[in-house]
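Chains as they are written, first to last, in our numbering: chain U, 16 to 353; chain V, 170 to 435.
Each remark here refers to the structure printed beneath this line.
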Amino acid sequence: MSTSKEVWVWAEQRNGRLMDVSVELLGKAMELAKENNGASAAVLVGEEVDGLAEELISYGVDKVYLITDPRLKLYQSGAYTKAISDLVEEHRPEIMLLGATATGMELAPSIAAQVKTGLTAHCCELCIEDWDGEPKLIASVPGFGGGICVKIVCPKRSPQMATVSAGVAEKPCTCEDPSGEIIRLEADLRDVDMRARTVEMVENPPAGLPLEKADVVVAGGYGMKAIGDFAPLKELASCLDAAVGGTRPALEEGWIPESNLIGTSGKTISPKLLLSFGASGANHWVMGFTRAETVVAVNKDEEAPVFEVCDFGIVADVCDVIPCFLRELKEEKGETSD
Amino acid sequence: MPLNIVVCVKQVADPDYFNEITIDPASGRIRREKVPSILNPMDENALEEALRIRERFSGKVTTVSMGPPQAKEVLDWALILGADEAILLCDKAFAGADSLATAYALAGAIEKLGEVALVLCGNAAADGDTHQVGPQLAELLGMPHATYVRQIDFKDDETLTLTRAIEYGHLTIEMGLPALVAVLAEINVPRQPTAEGIMTLLEKEYKEWQADDIGVPAANLGLDGSPTRVAGMYEQKIERRQKVLTGTPEEMVKAVIAELRNEGLL
Numbered sequence: 016m017s018t019s020k021e022v023w024v025w026a027e028q029r030n031g032r033l034m035d036v037s038v039e040l041l042g043k044a045m046e047l048a049k050e051n052n053g054a055s056a057a058v059l060v061g062e063e064v065d066g067l068a069e070e071l072i073s074y075g076v077d078k079v080y081l082i083t084d085p086r087l088k089l090y091q092s093g094a095y096t097k098a099i100s101d102l103v104e105e106h107r108p109e110i111m112l113l114g115a116t117a118t119g120m121e122l123a124p125s126i127a128a129q130v131k132t133g134l135t136a137h138c139c140e141l142c143i144e145d146w147d148g149e150p151k152l153i154a155s156v157p158g159f160g161g162g163i164c165v166k167i168v169c170p171k172r173s174p175q176m177a178t179v180s181a182g183v184a185e186k187p188c189t190c191e192d193p194s195g196e197i198i199r200l201e202a203d204l205r206d207v208d209m210r211a212r213t214v215e216m217v218e219n220p221p222a223g224l225p226l227e228k229a230d231v232v233v234a235g236g237y238g239m240k241a242i243g244d245f246a247p248l249k250e251l252a253s254c255l256d257a258a259v260g261g262t263r264p265a266l267e268e269g270w271i272p273e274s275n276l277i278g279t280s281g282k283t284i285s286p287k288l289l290l291s292f293g294a295s296g297a298n299h300w301v302m303g304f305t306r307a308e309t310v311v312a313v314n315k316d317e318e319a320p321v322f323e324v325c326d327f328g329i330v331a332d333v334c335d336v337i338p339c340f341l342r343e344l345k346e347e348k349g350e351t352s353d
Numbered sequence: 170m171p172l173n174i175v176v177c178v179k180q181v182a183d184p185d186y187f188n189e190i191t192i193d194p195a196s197g198r199i200r201r202e203k204v205p206s207i208l209n210p211m212d213e214n215a216l217e218e219a220l221r222i223r224e225r226f227s228g229k230v231t232t233v234s235m236g237p238p239q240a241k242e243v244l245d246w247a248l249i250l251g252a253d254e255a256i257l258l259c260d261k262a263f264a265g266a267d268s269l270a271t272a273y274a275l276a277g278a279i280e281k282l283g284e285v286a287l288v289l290c291g292n293a294a295a296d297g298d299t300h301q302v303g304p305q306l307a308e309l310l311g312m313p314h315a316t317y318v319r320q321i322d323f324k325d326d327e328t329l330t331l332t333r334a335i336e337y338g339h340l341t342i343e344m345g346l347p348a349l350v351a352v353l354a355e356i357n358v359p360r361q362p363t364a365e366g367i368m369t370l371l372e373k374e375y376k377e378w379q380a381d382d383i384g385v386p387a388a389n390l391g392l393d394g395s396p397t398r399v400a401g402m403y404e405q406k407i408e409r410r411q412k413v414l415t416g417t418p419e420e421m422v423k424a425v426i427a428e429l430r431n432e433g434l435l
């Protein structure tokens, strides 16, 4: 099979804004393309998104395949699959990356099934390694909640596809003299591609600092049951200009919104400091903050696995510890304001 | 209007025991001896949704799984909960399948069943967590589909209105039947088994199909049909200082704050 040696990224946009993970992956694609001696390209689909094509070019990508159509304004599972699969069939890039967003996790397998290639989900690491004498993409994925990482290769088919979580790659800088090319294309859509119709998109962006952008994160788990809610953690967070996150049990208790779930099925975060209260340390949660610089864990059970993955551990009841933190930090604030 | 519904299910290691799964250093294989197996939690939500739709429209609920002989356990569980019929795709030819080869086998079974109006799946399996089989199965069946679905409504007898989660919001999607829908845990609370369910288990139809029964070319099944390969495995080790403090809560908090100040973090 002849391939174009290109490394592609699906540049996902919602309401005319690029998703952060797509921009992060653009940087990764340029890096992999360089290693592969090929070109990097973004695939941008939407209506009136020329400005975003320019934005993608500004990061230094070699090409933007731009597909615009009024029917593609919102994400449409069938139509996006058809438009992108046609393009993939025509060019057969070597590698294609998609952000592991709630939409990317649907579009990627749909395209992979159409073009009959291999796909690896929720990758936490991507690199090019020698495989049977050929350079291939090796994608690492967390399995069984994240304690075990499995390296996956797609040796014979192309593109080698992967979905990648937000926060795994770093956002590239804009380059001074971008020279990429915008290639305008039309989608060949049939009625059958529009059987599933997205009729409305409702977005409720969170108030305050997004979890993944905060330097300090205060997080809680089921152990907060002793207190009954997250009010003291929110107070602590406001003392520290921190964002509040939590575990899946905390989400299930209704203490945090879905957008503030940390872990393999939630956000991957890399704050300078994470303060964890009443979380035992299940793998799928721990995998969400492997890149945190310093981790402080508070749990009353000294056997809790969280103490194996923290820098500083406090074995005590959250009810006793949180008031101490609040007192100490407020005292400190009092001093500095004098 | 009776609706025939297929629910795709998977037997998985119980997520509550994931911390006990390790890699055997000698063989490089996964060790999970003491880990119990269960019906994948989100598949139980898919089954619950199917049972509720059947209660509303009448019809038949068939559960299909691909797996080793012991995967019959989760199909029995589905029958006890209320499914009408269960099919296990069990054959050495299916072994080593990645998500695409799994989707081929399930698609073959669903095509053989025929006249299926709705295929329901859990959004993801707790073990592999790929989210991939649902959309791949739908594409192979040529059905419109949606994943991350937290609400299914019927606009009319042949059209679904779905609420589908995205980051910080949702999409409203309309699609005609036949279709495939992959559901999130929040869509419903699965029912508990009843004594009646257990007693009717033996009257329910249970079948095992092999590769020859579903008419899918061997080249699309199992390891041969899988575009991906496992290139290696490693246990994720996190290196941190693990400095566990002692003293009263107040002393420990003071000590931590001193350390964090020292590092310029506060």
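Ideal Cβ positions, reconstructed from N, Cα and C, are used throughout, including at glycine.
* Take the Cβ of Lys324 (chain V) as the centre, count every other Cβ of all protein chains shown within 10 Å, and call the residue buried at 16 or more, exposed below. => Classification of Lys324 (chain V): exposed, given that the 10 Å Cβ count is below 16.
* Just the chain U side, please: which residues come within less than 9 Å of Ser196 (chain V) by C-beta, in chain order? => Result: empty, since nearest Cβ-Cβ is about 14 Å, beyond 9 Å.
* To do: Kindly indicate which three-state DSSP category Val165 (chain U) falls into: helix, strand or coil?
  => In this structure, Val165 (chain U) counts as strand in the three-state DSSP scheme.
* N-terminal and C-terminal residue of the alpha helix (DSSP H) that Tyr418 (chain U) is part of -> Any question about residue 418 (chain U) goes unanswered here, given that chain U covers just 16 to 353.
* Asked: If we ignore side chains and look at the alpha-carbon of each, how far apart do Gln239 (chain V) and His314 (chain V) end up?
  -> Cα atoms of Gln239 (chain V) and His314 (chain V): separation of roughly 30 Å, rounded to the nearest angstrom.
* **Per-residue burial, Pro418 (chain V) [other beta carbons within 10 Å of its own, 16 or more giving buried]** => With 16 or more other Cβ atoms within 10 Å, it is buried.
* To do: Mind checking who Arg29 (chain U) pairs with in its DSSP beta bridge?
  => Answer is U:Arg32.
* Asked: Taking Cβ positions only, does Thr397 (chain V) come closer than 9 Å to chain U?
  -> So, interface residue.
* To do: Show which residues of chain U have a CB atom less than 9 Å away from the CB atom of Lys412 (chain V).
  => Below the 9 Å Cβ cutoff, chain U contributes Cys325, Asp326, Phe327, Gly328 as neighbours of Lys412 (chain V), in chain order.
* Minimum Cβ-Cβ distance from Ile199 (chain V) to chain U less than 9 Å -> At least one CB of chain U lies nearer than 9 Å to the CB of Ile199 (chain V).
* According to DSSP, is Pro150 (chain U) helix, strand or coil? -> Three-state DSSP puts Pro150 (chain U) in a strand.
* Asked: Does Asp296 (chain V) get closer than 9 Å to chain U when you measure Cβ to Cβ?
  -> Residue-level contact check: Asp296 (chain V) touches chain U, since one or more beta carbons of chain U fall below 9 Å from its beta carbon.
* **Contact under 9 Å by Cβ, Lys373 (chain V) with Ala278 (chain V)** => The Cβ-Cβ distance between Lys373 (chain V) and Ala278 (chain V) does not fall below 9 Å.
* Taking 9 Å as the CB-CB limit, is Val336 (chain U) close to chain V? -> Answer yes: the Cβ-Cβ gap between Val336 (chain U) and chain V drops below 9 Å somewhere.
* To do: Determine contact between the region 225-233 of chain V and the region 191-199 of chain V, defined as no fewer than three beta-carbon pairs at a distance below 8 Å.
  => Touching, no.
* Roughly how many angstroms lie between the CA atoms of Tyr273 (chain V) and Ser291 (chain U), to the nearest whole one? -> If I take the Cα positions, the gap works out to 43 Å.
* To do: Provide the residue(s) that pair with His314 (chain V) in DSSP beta bridges, ordered along the chain.
  => Beta-bridge analysis with DSSP links His314 (chain V) to V:Leu349.
* Would you kindly check if the distance between the Cβ of Asn209 (chain V) and the Cβ of Val178 (chain V) is under 9 Å? => One thing to note: Val178 (chain V) has its Cβ within 9 Å of the Cβ of Asn209 (chain V).
* Helix, strand or coil for Asn219 (chain U) per DSSP? -> Here Asn219 (chain U) carries a coil assignment [DSSP, helix/strand/coil].
* Which word fits Phe187 (chain V), buried or exposed, when buried means at least 16 other C-beta atoms lie within 10 angstroms of its C-beta? -> Counting the other Cβ atoms within 10 Å of the Cβ of Phe187 (chain V) gives 16 or more, which makes it buried.
* Contacts around Ile383 (chain V), its chain only, beta-carbon distance under 6 Å, and the 5 residues preceding and following it disregarded -> Contacts found: Gly277, Ala278, Lys281.
* Where Glu140 (chain U) and Asp296 (chain V) are concerned, what is the direct C-alpha to C-alpha distance, given to the nearest angstrom? -> A direct Cα-to-Cα measurement between Glu140 (chain U) and Asp296 (chain V) gives close to 19 Å.
* Asked: Among U:Tyr74, U:Leu344, U:Gly281, which residue has its Cα nearest to the Cα of Val183 (chain U)?
  -> Nearest C-alpha to Val183 (chain U): U:Gly281.
* Check the DSSP bridge columns for Leu81 (chain U) and list the partner residues they point to. => The bridge partners DSSP lists for Leu81 (chain U) are U:Leu59, U:Arg199.
* Identify every run of the beta strand (DSSP E) within the region 243-316 of chain U, keeping only runs that are complete inside it and at least 3 residues long; order them along the chain. => Listed in chain order, they are 258-261, 288-292, 309-314.
* Can you tell me where the alpha helix (DSSP H) with Phe226 (chain V) in it begins and where it stops? -> It spans 210-226 - the alpha helix (DSSP H) in which Phe226 (chain V) sits, taken as one unbroken run.
* **Which residues DSSP lists as bridging Asn357 (chain V), in chain order** => For Asn357 (chain V), which the question treats as bridged, DSSP gives no partner whatsoever.
* To do: Identify, in the order they occur along the chain, each residue of the same chain with its Cβ nearer than 6 Å to the Cβ of Arg223 (chain V), setting aside the five sequence neighbours on each side.
  => Excluding sequence neighbours, Arg223 (chain V) sits near Val230.
* Asked: Three-state secondary structure (DSSP) at Cys325 (chain U)?
  -> Under the three-state reduction of DSSP output, Cys325 (chain U) falls in the coil class, being neither helix nor strand.
* Taking Glu217 (chain V) as the reference, which of V:Gly291, V:Glu202, V:Asp245 has the closest Cα? -> Considering only alpha carbons, the answer is V:Gly291.
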